[in-house]
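K.L.:
Counted from 1, the sequence shown has number 85 at position 85 by full-length UniProt numbering; the numbering is strictly sequential.
Virtual Cβ for every residue (Gly too), placed ideally from N, Cα, C.
Provided herewith is a single structure, encoded as structure tokens, for subsequent inquiry.
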Amino acid sequence: LGSDWHLSLQAYNIHVNGVLHCRVRYSQLLGLHEQLRKEYGANVVPAFPPKKIFTLTPAEVEQRREQLEKYMQAVRQDPTLGGSETFNSFLRKAQQETQQIPTEEVVLEVLLSNGQKVKVTILTSDQTEDVLEAVASKLDLPDDLVGYFSLFLVRETKDGAFSFVRKLQEFELPYVSVTSLHNPEFRIILRKSYWDSSYDDDVMEHRVGLNLLYAQTVSDIEHGWILVNKEQHRQLKSLQEKVSKKEFIRLAQTLKYYGYLKFDPCITDFPEKGCHVVVSAGNNELNFQVRLPNEQIKEGSFKVTRMRCWRVTSSVPMSNGPSGSSPGKSEVKLELAFEYLMSKDRLQWVTITSPQAIMLSICLQSMVDELMVKKSGGSIRKMFRRRANGALRRSDSQQAVKSPPLLDSPDASREPMAKLSSKLTSVSLRGISHSSSANDVGANDFHGNYAFEGIGDEDL
1 LGSDWHLSLQ AYNIHVNGVL HCRVRYSQLL GLHEQLRKEY GANVVPAFPP
51 KKIFTLTPAE VEQRREQLEK YMQAVRQDPT LGGSETFNSF LRKAQQETQQ
101 IPTEEVVLEV LLSNGQKVKV TILTSDQTED VLEAVASKLD LPDDLVGYFS
151 LFLVRETKDG AFSFVRKLQE FELPYVSVTS LHNPEFRIIL RKSYWDSSYD
201 DDVMEHRVGL NLLYAQTVSD IEHGWILVNK EQHRQLKSLQ EKVSKKEFIR
251 LAQTLKYYGY LKFDPCITDF PEKGCHVVVS AGNNELNFQV RLPNEQIKEG
301 SFKVTRMRCW RVTSSVPMSN GPSGSSPGKS EVKLELAFEY LMSKDRLQWV
351 TITSPQAIML SICLQSMVDE LMVKKSGGSI RKMFRRRANG ALRRSDSQQA
401 VKSPPLLDSP DASREPMAKL SSKLTSVSLR GISHSSSAND VGANDFHGNY
451 AFEGIGDEDL
């Protein structure tokens, strides 16, 4: 949360996933607080920074910003308040007002994995689940399969591939999110949202589900996300010619990296600093293909069940220009760091420096969610289809994996480097510090992993 000194009224910038989500005033946040108190009671809702009669001094303004930051963090990380329609609708409305997009009927283009475009008529104020359901309806995808898919914000590359930015969340408006970027390279794509390939059986029961899964699998193979040797390629081509889609998917399931999301080349500090790496997420792990300084390629995997916690940070060099100026996109450095159980008694931090750090973190969180649902004997259908009485309910594990987004201060007179804890699937706030070390971050920056607690000696 940052203060905008160019407005006559004090306003706060709420950044989510590294971009400005909305700009709100104290009175709006107070209104949210009062509504939450009314619905959930004073004992549940955290304390809110009090009103002041007199004009605030600069020190008091900064103190209030920090207090509001902590308040929003506490609300978002509460499983009841943070998942409430009251909180999420507040963020959606604020996003729409900040971008000054009126509520009206529009046509939104959503891509499928094979490049096919699905045009749906929606309102600019429709939330993510509304848009997902509109796309599913246009495709004739059955209601009980909608939850197996999600909408993702991607950036189209010159070769026609997609670089994943993030999964669209319940507190945002997809039309506003994509159009506010003012760049035609950013698109919305429909893709399966689960990791365990055994759920493919559910999706393949229906013609439309089968077609979507088939298109995604073909696309992943064409873009080199799934490794295929010559003999496997021959078999797949034969099945394609016979239009044997189920058999094609069954064969693909046996191939390396099936169901993985492949990320753009980036930098890691493992096994040593400055190594170039290609990271893929899938099968409850992050797979590393590391190019060592001697040009040797090494491969290894980090299991999500051995990650004690993780965090995303954003290092933003402050400009020397006017107070309200913001850093260029090339200046913002995103990092994902996770603490990994290397051996029975040794934990080690591993850092990935990548513009896709937030998407990587979202992948980790969704893997944990899925593992916890499976561990408790729950249903993936219930996990994804959680709308009830107009409210979105979180899966149980989301209480464990807390995701702080960020509040920043564009005031250039502050520290030259601002480290901002970034958001994954929530909106909370944190102050600014000098530190760039993973070991110096406070507890609220960490995404705790309940799945980690289930590790036994047999897993090591």
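Mind reading off the beta-carbon distance from L111 to I189? Whole number of angstroms is fine, and I expect it under 8 Å.
P.N.:
4 Å
K.L.:
Closest by CA to L251, which one among H233, I267 and P265?
P.N.:
H233
K.L.:
For the 8 Å Cβ check, are there 3 or more pairs between the region 196–210 and the region 121–135?
P.N.:
no
K.L.:
Drop a sphere of 10 angstroms on the beta-carbon of S27, count the other beta-carbons inside from all chains shown, and report buried for 16 or more, exposed for fewer.
P.N.:
exposed
K.L.:
Between the alpha carbons of G147 and T98, how many angstroms are there, rounded?
P.N.:
30 Å
K.L.:
Distance check for L212 and L141, CA to CA, integer angstroms please.
P.N.:
9 Å
K.L.:
Which of helix, strand or coil does DSSP assign to Q296?
P.N.:
Coil at Q296, not helix or strand.
K.L.:
With contact counted as at least three CB pairs below 8 Å, one residue from each stretch, are the region 157–172 and the region 353–369 in contact?
P.N.:
yes
K.L.:
Inspect the beta-carbon positions of Y12 and R23 and report whether they are closer than 8 Å.
P.N.:
yes
K.L.:
Considering only the beta carbon of each residue, do residue 481 and V75 sit closer than 8 Å?
P.N.:
Given that the chain is displayed from residue 1 to residue 460, the structure contains no residue 481 and the question cannot be resolved.
K.L.:
Which residue from T128, Q63 and W310 puts its Cα closest to that of S89?
P.N.:
T128
K.L.:
Could you spell out the range, first to last residue, of the beta strand (DSSP E) harbouring S361?
P.N.:
From DSSP, S361 is part of no beta strand (DSSP E) but of the alpha helix (DSSP H) over A357 to K375.
K.L.:
According to DSSP, simplified to helix, strand and coil, what is S301?
P.N.:
strand
K.L.:
Just the C-alpha distance for F186 and R155, rounded to the nearest angstrom, thanks.
P.N.:
4 Å
K.L.:
So what does DSSP say about V228, is it helix, strand or coil?
P.N.:
coil
K.L.:
Taking only the alpha-carbon atoms, compute the straight-line gap between G224 and S280 and give it to the nearest angstrom.
P.N.:
The straight-line gap from Cα to Cα measures roughly 12 Å.
K.L.:
Tell me the residue span of the alpha helix (DSSP H) that contains H33.
P.N.:
Y26 to Y40
K.L.:
Would DSSP call M417 helix, strand or coil?
P.N.:
A caution first: M417 carries a pLDDT of 27, below 50, which makes its placement in the model unreliable, though a value can still be read off. In the structure shown, M417 sits in a strand (DSSP, three-state: E or B).
K.L.:
Does DSSP put A94 in a helix, in a strand, or in coil?
P.N.:
Three-state DSSP puts A94 in a helix.
K.L.:
Can you tell me the Cα-Cα spacing of R346 and A337, whole angstroms?
P.N.:
16 Å
K.L.:
Can you tell which of S84, Q240 and G282 has its C-alpha closest to the C-alpha of Q35?
P.N.:
S84
K.L.:
Near Y340, what residues of its chain come up, given a Cβ to Cβ distance below 8 Å and the 5 sequence neighbours on each side ignored?
P.N.:
F302, R306, M307, R308, L347, Q348, W349 and V350
K.L.:
The alpha helix (DSSP H) that contains A281, what's its start and end?
P.N.:
Not the alpha helix (DSSP H): A281 falls in the beta strand (DSSP E), residues C275 to G282.
K.L.:
Look at the alpha carbon of V106 and the alpha carbon of N294, and state the distance between them as a whole number of angstroms.
P.N.:
53 Å
K.L.:
At the level of alpha carbons, what is the spacing between P184 and I352?
P.N.:
Looking at the two C-alpha atoms, the distance is approximately 28 Å.
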